[in-house]
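Quick note on UniProt numbering: the sequence shown kicks off at 1 and runs consecutively. Idealized CB from N, CA, C, for every residue including glycine. First up is the structure itself, then whatever we jot down about it.
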Amino acid sequence: MTTKAKILLVDDDMTLHEMYAERLRAEGYVVVSAYDGEEALSKVYSEKPEIILLDIMMPKINGIDVMKKLREDETTVKTPVILLTALVQEIDKIKSIMKPYDQYLIKSETMPAKIIDAIEKSLSVAAKGDQK
1 MTTKAKILLV DDDMTLHEMY AERLRAEGYV VVSAYDGEEA LSKVYSEKPE IILLDIMMPK
61 INGIDVMKKL REDETTVKTP VILLTALVQE IDKIKSIMKP YDQYLIKSET MPAKIIDAIE
121 KSLSVAAKGD QK
């Protein structure tokens with residue numbers, strides 16, 4: 001199996017984190033883990049992932065603030081982010097900082113296969129944007 005993209009998986013829920021990581025690795029992705037927003041920002045710069053799966057409700061720095069920091073930095077502004085949320089009411093806040101290659105998924109409605117589809121879509125849109 002060929003190795004696919006490097007993914008930074010950021011979620012403080014250990015059960016979900018391990019479930020997502022296991023499925024992503026089975027699909028051929030390289031998974032780098034972070035468990036809070038502060039660790040996520042550190043690993044973004046040290047690991048340089050091609051895409052980020054980012055929970056919103058986390059300790060230290062929440063996912064929305066992490067995404068804002070990523071969008072303010074020219075080295076990470078084009079890194080696709082898929083936000084994972086349990087809070088439907090957060091969607092309006094999320095949409096205001098999203099790029100065309102970003103997505104959000106509601107955890108209670110999302111099976112691992114849907115996450116794989118979202119990753120492929122975001123990477124494809126981001127790649128097309130880089131070709132312009």
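Query	Result
Burial state of Thr75 (16 or more Cβ within 10 Å)	exposed
Separation of Thr15 from Pro80, as counted between CA atoms	24 angstroms
Beta-carbon proximity list for Arg25, same chain, < 7 angstroms, skipping 5 on both sides	Val31
From Val10, Val77 and Glu22, residue whose alpha carbon lies closest to that of Met57	Val10
DSSP state of Lys132 mapped onto helix, strand, coil	Reliability of the predicted coordinates at Lys132 is poor, the pLDDT of 42 falling under 50, and the value obtained from them is presented with this limitation in mind. Lys132: coil per DSSP, three-state reduction.
Environment of Met111 [buried if 16+ CB atoms lie within 10 Å]	exposed
Under the three-state DSSP convention, the category Ala5 falls into	coil
Beta-carbon gap between Val44 and Leu84 smaller than 8 angstroms	no
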